[in-house]
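Peer 1: Mapping to my numbering: the sequence shown position 58 is 39, numbers consecutive.
One structure, pasted below without further comment.
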Amino acid sequence: MTTLGPALKLAAFALVTTLCVATLAITISGARFTAAVVYHALFTDASGLREGDEVRIAGVQVGRVETVTLAGTQAEVALSVRRTTALPRAVVAAIRWRNLMGDRYLTLSTGPGGPGLLPPGARITATRPALDVTALFNGFRPLLNAIRPQDVNRLSWQIVQVLQGEGGTVEALLGHIASLTGTLADRDAVIGRVITNLAAVLGEIAGREHDYDRLLSDLRALIGGLADDREAIGDSLATLDRLTAVTGDLLGKARPDLRASVRHAGGLLKALDARSALVEDTLKRAPGRLGQLVRVTSYGSWFNFYLCSLTVRSGGVRTPKIVNGSPRCH
-18 MTTLGPALKL AAFALVTTLC VATLAITISG ARFTAAVVYH ALFTDASGLR
32 EGDEVRIAGV QVGRVETVTL AGTQAEVALS VRRTTALPRA VVAAIRWRNL
82 MGDRYLTLST GPGGPGLLPP GARITATRPA LDVTALFNGF RPLLNAIRPQ
132 DVNRLSWQIV QVLQGEGGTV EALLGHIASL TGTLADRDAV IGRVITNLAA
182 VLGEIAGREH DYDRLLSDLR ALIGGLADDR EAIGDSLATL DRLTAVTGDL
232 LGKARPDLRA SVRHAGGLLK ALDARSALVE DTLKRAPGRL GQLVRVTSYG
282 SWFNFYLCSL TVRSGGVRTP KIVNGSPRCH
């Protein structure tokens, strides 16, 4: 009898421990012992939603998320719901925040629509992604930068709950904001200087409104032109390295001659300056002479001459002028 008592105690302890561990394992793994029905839903954004996350109706867990996969440009979520839970045909699936650590859950509610039940395996067409907390808190950044992290966390969670339509009240949210604005009031001197400086900057910008408008218009035209020529720009960048190398090699070889040319350029400029009148007269006559030269060389890299008239003079005797009557001589 003495031996049997400790053995029974040990067996009872082992049984209770086993039951506790099994219960904990079932809770963590989300295992179910009831039949479930799988539905599908398409979301524009399912960030943060993972396999095993809860599916709730009116705050009560009725299932879990099975898979989250990519379907084209959207996220397809497969969710299982207890077979005893009937979903209306007008059901709405929404992703909501469970906490500020980034955990999500899926909530099902009844939206506007006709009567009837959703058949098993059907797709839920009315969906809503999670609240974009990043965009929301970016708007509160000046406020959040000036308060303590603990207050930021309380205010952030209150805002998320109110905007999701669950937990908290607008009155409680306003109470938190009032407390935080009291903290900001203690720093009114710093905030006043910031506002004064900002007003000066905005006044300067407002005084140059037309300049900024023109700048933005020109910048938009420039970016549009670069976008249209992006293929040509890409091709030119591909050969830029080779061009740089060839140019560097050319300048390296031509450097001695360039140095000598620069050294003698001073003497040339002095000579031209001494004959500035002749240089000026030559430049004035150059356009007409160059035009005649272009006509002479218009057929190729050679000179073309046509005999339009001829006079022979020998001593004091001059022959009559012989004139070519072809059109090219007129």
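For glycine and all other residues, C-beta sits at the position ideal for the given N, C-alpha and C.
#1: Pull the bridge partners of leucine 89 from the DSSP assignment, please.
#2: Could you have a look at tyrosine 287 and say whether DSSP puts it in helix, strand or coil?
#3: Touching or not, the stretch 83 to 101 and the stretch 31 to 50, by the rule of three or more beta carbon pairs under 8 Å?
#4: Taking DSSP as the reference, what is the three-state secondary structure of glycine 102?
#5: Tell me, to the nearest whole angstrom, how far the beta carbon of valine 46 is from that of valine 36; I am working on the premise that it is less than 8 Å.
#6: DSSP has glutamine 55 in a bridge; who is on the other side?
#7: Okay, do the stretch -3 to 4 and the stretch 18 to 30 touch, 3+ Cβ pairs below 8 Å being the bar?
#8: Can you tell which of Leu98, Ala52, Ala111 has the C-alpha that lies nearest to the C-alpha of arginine 312?
#9: Whose C-alpha, out of Ala107, Ala74, Lys265, is nearest the C-alpha of serine 61?
#10: Could you tell me the alpha carbon to alpha carbon distance between aspartate 192 and aspartate 216, rounded to whole angstroms?
#11: Buried or exposed for isoleucine 105, going by 16 or more other Cβ atoms inside 10 Å?
#12: On the premise that valine 19 lies in contact with glycine 102, defined as a C-beta separation below 8 Å, what is that separation, rounded to the nearest angstrom?
Peer 2: A quick look at the data gives this:
#1: Ile38, Ala74
#2: coil
#3: Because the criterion of three Cβ pairs below 8 Å is met, the stretch 83 to 101 and the stretch 31 to 50 touch.
#4: coil
#5: Indeed they touch by this definition, with Cβ atoms about 6 Å apart.
#6: Ala52
#7: no
#8: In the structure as shown, the chain starts at -18 and stops at 311, and residue 312 therefore has no counterpart that could be examined.
#9: Answer by Cα proximity: Ala74.
#10: 35 Å
#11: buried
#12: 6 Å
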